[in-house]
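For the sequence shown, position 155 matches number 155 in UniProt numbering, and the numbering has no gaps at all.
Ideal Cβ positions, reconstructed from N, Cα and C, are used throughout, including at glycine.
The structure displayed is predicted, hence computed values, not measured ones.
Take a look at the structure below.
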Amino acid sequence: MNPAQTEPPAVIRSSKLDRIIEILWAGALILLPVTSAPYIIKFTGTLVAPPSAILIGILLIIALLPRILRRGTIPIEAAPLFFFVLLAIVSTGLSFFIDLPTFKNANPWKEALEAFITIGIGISFFLVCATLPKGEDGFRKALRWITIGGIVMVVFSLVEAYFIFVRNTQFAPWYIWLEETLVTPRPFSRGLQRLYGMTFEPSWFTHQLVMLYIPIWLGASFLRISVFKFRFLHLSVENILLAVSLFLFLLAKPRVSLLAALLIFAFIFFRLNSAIFKRLQKRLRRRYPGQTDRAKQWSNLGIVAGMIFIYLLLAAILIVILLQDPRMTLLFTYPPTLSEIGRALLLDENTLLELSKRFRFMERVIYWVSGWRVFGDYPIFGVGPGNSGFFFLDKVPFLGWTSIEVRDLLTNATFLPNIKSLWVRLLAETGLVGFSIFVSWIITLWRSTRSTLQSTLPYHKLIAFVCQLMLIALIAEGFSIDSFALPYLWVAAGLAAAAGASHRENISRSRAPEAQV
Numbered sequence: 001m002n003p004a005q006t007e008p009p010a011v012i013r014s015s016k017l018d019r020i021i022e023i024l025w026a027g028a029l030i031l032l033p034v035t036s037a038p039y040i041i042k043f044t045g046t047l048v049a050p051p052s053a054i055l056i057g058i059l060l061i062i063a064l065l066p067r068i069l070r071r072g073t074i075p076i077e078a079a080p081l082f083f084f085v086l087l088a089i090v091s092t093g094l095s096f097f098i099d100l101p102t103f104k105n106a107n108p109w110k111e112a113l114e115a116f117i118t119i120g121i122g123i124s125f126f127l128v129c130a131t132l133p134k135g136e137d138g139f140r141k142a143l144r145w146i147t148i149g150g151i152v153m154v155v156f157s158l159v160e161a162y163f164i165f166v167r168n169t170q171f172a173p174w175y176i177w178l179e180e181t182l183v184t185p186r187p188f189s190r191g192l193q194r195l196y197g198m199t200f201e202p203s204w205f206t207h208q209l210v211m212l213y214i215p216i217w218l219g220a221s222f223l224r225i226s227v228f229k230f231r232f233l234h235l236s237v238e239n240i241l242l243a244v245s246l247f248l249f250l251l252a253k254p255r256v257s258l259l260a261a262l263l264i265f266a267f268i269f270f271r272l273n274s275a276i277f278k279r280l281q282k283r284l285r286r287r288y289p290g291q292t293d294r295a296k297q298w299s300n301l302g303i304v305a306g307m308i309f310i311y312l313l314l315a316a317i318l319i320v321i322l323l324q325d326p327r328m329t330l331l332f333t334y335p336p337t338l339s340e341i342g343r344a345l346l347l348d349e350n351t352l353l354e355l356s357k358r359f360r361f362m363e364r365v366i367y368w369v370s371g372w373r374v375f376g377d378y379p380i381f382g383v384g385p386g387n388s389g390f391f392f393l394d395k396v397p398f399l400g401w402t403s404i405e406v407r408d409l410l411t412n413a414t415f416l417p418n419i420k421s422l423w424v425r426l427l428a429e430t431g432l433v434g435f436s437i438f439v440s441w442i443i444t445l446w447r448s449t450r451s452t453l454q455s456t457l458p459y460h461k462l463i464a465f466v467c468q469l470m471l472i473a474l475i476a477e478g479f480s481i482d483s484f485a486l487p488y489l490w491v492a493a494g495l496a497a498a499a500g501a502s503h504r505e506n507i508s509r510s511r512a513p514e515a516q517v
């Protein structure tokens with residue numbers, strides 16, 4: 001008799017459902033590099049259309065909802081997000097008492113619905129990632145599937161780089177067919193001399209790199225952990241992918257994402273600095289025992305001087321890389337004065353606009369300033385998700401009308417302008433209350449990851465460290481991307497919440513026998 005036939009039907013159904021869930025979970029993580037699938041765009045009409053969102057939606061129904069109905073727990077890290085959604089609903093309700101300007105044929109109901117759909121997509125990613133992986137093996141599998149998707153993205157991007165930089169944007173017909181079948185690049189992306197990977201535009205490509213893939217591969221390299229046994233010249237898969245992804249990152253000619261990457265590596269250097277200093281101290285003391293206090297001071301000074309020299313050398317290399325961007329050349333050629341820096345730190349609009357014009361990113365600052373002015377008028381609860389664009393005609397700075405891009409957006413485009421900054425959008429659309437709740441969620445995540453880093457389990461530690469790197473990158477990326485639907489923030493945060501819950505459960509189990517004694 002077949003052993004499977006002796007099992008109860010409920011057990012067989014449960015086993016099949018588990019396999020389906022695992023396949024969907026793997027597919028969702030592998031497909032993360034694709035941001036704009038053509039078949040989804042045709043159905044929804046929105047450009048942020050990751051195919052992984054469909055699989056996450058199915059998992060939400062067949063995995064998360066049954067868990068909730070069985071009174072299963074959701075990590076405490078999710079609590080601030082539920083308050084944020086509640087506040088967003090309140091803010092939308094209050095927006096009906098605001099004299100909302102008109103903007104062409106835009107419908108406030110439609111804009112609010114789309115805004116809540118994007119928030120729902122993001123939170124769905126977070127909740128599924130926070131509840132699905134179980135234990136150390138579950139985290140290892142999740143990281144492996146994300147990395148497999150990253151390998152596909154890297155190979156695809158290398159082929160793309162060949163056509164852009166070697167063939168001078170002369171793409172082969174087969175590649176164009178493949179690209180238009182799988183991804184939807186922006187119409188002019190192929191002629192930009194910037195890499196865009198499997199995303200809609202270059203800034204989305206650099207966003208996914210600094211918010212998920214580089215943190216995973218950098219964190220694995222830093223902690224000397226790998227989800228694969230394969231080695232090439234003693235290098236792990238993550239070591240190789242980190243080097244290649246940084247090369248691709250530079251080919252994408254990052255803007256705001258470059259600052260995000262610099263913040264990540266500054267954090268790594270800060271972590272390394274103390275460890276390197278202590279290691280060198282121990283090595284010198286083992287090699288030269290019995291040193292006097294004065295000799296120890298001189299040896300410490302020598303270590304510090306050597307480290308400063310290395311950091312200056314790295315800074316010089318970084319400057320050479322930065323000077324490849326014409327705008328960075330302008331920064332070094334016409335640097336802001338101390339007076340201008342002071343006024344900019346005080347958020348003086350005229351200074352910010354003049355500096356942005358000098359360094360050729362005026363349009364982005366115009367969007368930020370417009371959103372900031374909306375926040376100034378409605379500082380407590382904002383104007384409601386999706387409604388900030390209605391105010392742009394009234395709030396755009398005068399200098400904005402000198403920009404062809406802004407003028408075309410306000411006069412010819414059929415869609416609402418967006419703020420192009422998550423931080424400013426939160427302030428404009430949910431006010432200080434919503435912004436504070438969202439920041440409290442970030443602080444909750446950071447505190448959770450600090451606790452999880454004390455775990456002895458390697459993949460728990462890796463996921464916590466990856467989330468820390470992502471949150472550091474978010475400081476800068478929050479001034480580049482304003483969509484809640486791009487999944488990379490939510491995936492890293494959700495996995496960290498799952499690791500935090502698992503770590504707390506492990507601590508409780510270890511203390512249980514002690515309590516019984």
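What whole-angstrom Cβ distance do Asn387 and Ala112 have, given they're in contact under 8 angstroms? Residue mapping note: residue 387 aligns to position 387 of the sequence shown, counting from 1. Residue mapping note: residue 112 aligns to position 112 of the sequence shown, counting from 1. Right, the Cβ-Cβ distance comes to about 7 angstroms (below 8 angstroms), so this counts as a contact.
Buried or exposed for Ile437, please, with buried defined as at least 16 other CB atoms from any protein chain shown within 10 angstroms of its CB. In the sequence shown, the residue the question calls residue 437 occupies position 437. So Ile437 counts as buried.
Who are the Cβ neighbours of Thr102 in its own chain at under 8 angstroms, not counting the five residues just before and after it? Here residue 102 is taken as the residue at index 102 of the sequence shown, counted from 1. Taken in chain order, the residues that qualify are Phe390.
Report yes if the CB atom of His207 is closer than 8 angstroms to the CB atom of Ser157, and no otherwise. Counted from its first residue, the sequence shown places residue 207 at position 207. Counted from its first residue, the sequence shown places residue 157 at position 157. Going by C-beta atoms, His207 is not nearer than 8 angstroms to Ser157.
Hey, quick one: how far does the alpha helix (DSSP H) through Asn239 stretch, first residue to last? As a first step, residue 239 is located in the sequence shown; it is residue number 239 there, counting from the start. Val237 to Leu251 is the span of the alpha helix (DSSP H), which, as asked, contains Asn239.
Within this structure, are the beta carbons of Pro133 and Leu469 separated by less than 8 angstroms? Here residue 133 is taken as the residue at index 133 of the sequence shown, counted from 1. Here residue 469 is taken as the residue at index 469 of the sequence shown, counted from 1. Not a contact, by the Cβ cut-off of 8 angstroms.
Considering only residues of the same chain and omitting the five flanking positions on each side of Leu59, which have a CB-CB separation below 6 angstroms? The residue labelled residue 59 in the question sits at position 59 within the sequence shown. Cβ within range, chain order: Leu24 and Val128.
Reference Val374, options Ile481, Glu238 and Pro397, closest by Cα: Reading the sequence shown from its first residue, position 374 is the one you call residue 374. Ranking Ile481, Glu238 and Pro397 by Cα distance to Val374 puts Pro397 first.
Do Ile61 and Ala49 have their C-beta atoms within less than 8 angstroms of each other? If you number the sequence shown from 1, residue 61 lands on position 61. If you number the sequence shown from 1, residue 49 lands on position 49. No, the pair does not count as a contact, with Cβ atoms beyond the cut-off.
Using a threshold of 8 angstroms, state whether the C-beta atoms of Ile472 and Leu263 are closer than that. Counting from 1 along the sequence shown, the entry for residue 472 is found at position 472. Counting from 1 along the sequence shown, the entry for residue 263 is found at position 263. Contact flag set, yes.
Please report how far the alpha carbon of Gln170 lies from the alpha carbon of Pro335, in whole angstroms. As a working note, residue 170 is residue 170 in the sequence shown. As a working note, residue 335 is residue 335 in the sequence shown. Each residue's Cα considered, the two are about 38 angstroms apart.
Pull the bridge partners of Arg231 from the DSSP assignment, please. To locate residue 231, count along the sequence shown from 1; it is residue 231. According to DSSP, which records beta bridges pairwise, Arg231 is partnered with Ser236.
Whether or not the segment 162-181 and the segment 231-244 are in contact is what I'm after, with contact meaning three or more pairs of Cβ atoms, one per stretch, closer than 8 angstroms; do they touch? no
Asn2 - DSSP class collapsed to helix/strand/coil: Numbered from 1 along the sequence shown, position 2 holds the residue referred to as residue 2. Residue confidence for Asn2 is low, a pLDDT of 49 falling below 50, so the modelled location carries little weight and cannot support an answer.
Local conformation of Ser421 per DSSP, three classes: Residue mapping note: residue 421 aligns to position 421 of the sequence shown, counting from 1. It is coil, neither helix nor strand.
Taking the beta carbon of Ile56 as the centre, do at least 16 other beta carbons fall within 10 Å, making it buried, or is it exposed? On the sequence shown, position 56 is the one that residue 56 refers to. Ile56 comes out buried.
Residues near Leu393 by beta carbon distance below 8 angstroms, same chain, minus five either side: The residue you call residue 393 lines up with position 393 of the sequence shown. Excluding positions up to five away in sequence, the list reads Pro101, Phe103 and Leu410.
Per DSSP, what kind of secondary structure is Ala49 in: helix, strand or coil? As a first step, residue 49 must be located in the sequence shown, where it is residue number 49. Three-state result, Ala49: strand.
Would you say Leu209 lies against chain B (beta-carbon separation less than 8 angstroms)? Of the chains in the structure shown, none is chain B; there is only one protein chain.
I need the straight-line Cα distance from Val424 to Trp368, nearest angstrom please. Mapped onto the sequence shown, residue 424 falls at position 424. Mapped onto the sequence shown, residue 368 falls at position 368. Rounded to whole angstroms, Val424 to Trp368 spans 6 angstroms at the Cα level.
For the alpha helix (DSSP H) containing Trp145, list its first residue and its last residue. The residue labelled residue 145 in the question sits at position 145 within the sequence shown. Residues Gly135 to Ala161.
Length of the line joining the Cα atoms of Leu312 and Phe270: In the sequence shown, the residue the question calls residue 312 occupies position 312. In the sequence shown, the residue the question calls residue 270 occupies position 270. Cα-Cα distance, rounded: 15 angstroms.
Would Ala501 and Pro75 qualify as a contact pair, given that the criterion is a beta-carbon distance under 8 angstroms? Start at 1 with the first residue of the sequence shown, and residue 501 comes out as number 501. Start at 1 with the first residue of the sequence shown, and residue 75 comes out as number 75. Yes; because the gap between Cβ atoms is below 8 angstroms, this pair is in contact.
Quick one: give me the first and last residue of the alpha helix (DSSP H) that residue 525 is part of. Outside the displayed range of the chain (1 to 517) lies residue 525, so it cannot be described from this structure.
Please go through the same chain and pick out, in chain order, the residues whose beta-carbon is closer than 8 angstroms to the beta-carbon of Lys357, but skip the five residues on each side of it. Against the sequence shown, residue 357 aligns to sequence position 357. The residues are Leu399.
Can you tell which of Ser36, Arg70, Ile68 and Ser451 has the C-alpha that lies nearest to the C-alpha of Ile54? The residue you call residue 54 lines up with position 54 of the sequence shown. Out of Ser36, Arg70, Ile68 and Ser451, Ser36 has the C-alpha closest to the C-alpha of Ile54.
Proximity winner among Ala266, Phe163 and Glu179, relative to Leu192 (alpha-carbon distances): Residue 192 sits at position 192 when you count from the first residue of the sequence shown. The option with the nearest alpha carbon to Leu192 is Phe163.
Buried or exposed, going by whether 16 or more other CB atoms sit within 10 Å of the CB of Ser91? The residue you call residue 91 lines up with position 91 of the sequence shown. Label assigned to Ser91: buried.
Among the candidates Ala496, Glu238, Arg70 and Ile98, whose CA atom is the shortest distance from the CA of Ile442? As a working note, residue 442 is residue 442 in the sequence shown. Closest by alpha carbon: Ala496.
Looking at Ile148 and Leu32, is the spacing between their C-beta atoms short of 8 angstroms? Here residue 32 corresponds to residue number 32 of the sequence shown, with the count starting at 1. Here residue 148 corresponds to residue number 148 of the sequence shown, with the count starting at 1. The answer is no: Cβ separation not under 8 angstroms.
So what's Ser436 in DSSP terms, helix, strand or just coil? To locate residue 436, count along the sequence shown from 1; it is residue 436. Three-state result, Ser436: helix.
Can you name the start and end residues of the alpha helix (DSSP H) that Asn412 belongs to? Here residue 412 is taken as the residue at index 412 of the sequence shown, counted from 1. Unbroken run through Asn412: none, as it is neither H nor E.
Rounded to whole angstroms, what is the Cα-Cα separation between Ser299 and Pro379? In the sequence shown, residue 299 corresponds to position 299, counting from 1. In the sequence shown, residue 379 corresponds to position 379, counting from 1. So the two alpha carbons sit approximately 55 angstroms from each other.
Give the secondary structure of Ser502 by DSSP, where H, G and I count as helix, E and B as strand, and everything else as coil. Numbered from its first residue, the sequence shown carries residue 502 at position 502. If DSSP states are grouped into helix, strand and coil, Ser502 belongs with the helices.
DSSP state of Ser15, grouped into three classes? As a first step, residue 15 is located in the sequence shown; it is residue number 15 there, counting from the start. Ser15 falls in the helix class under three-state DSSP.
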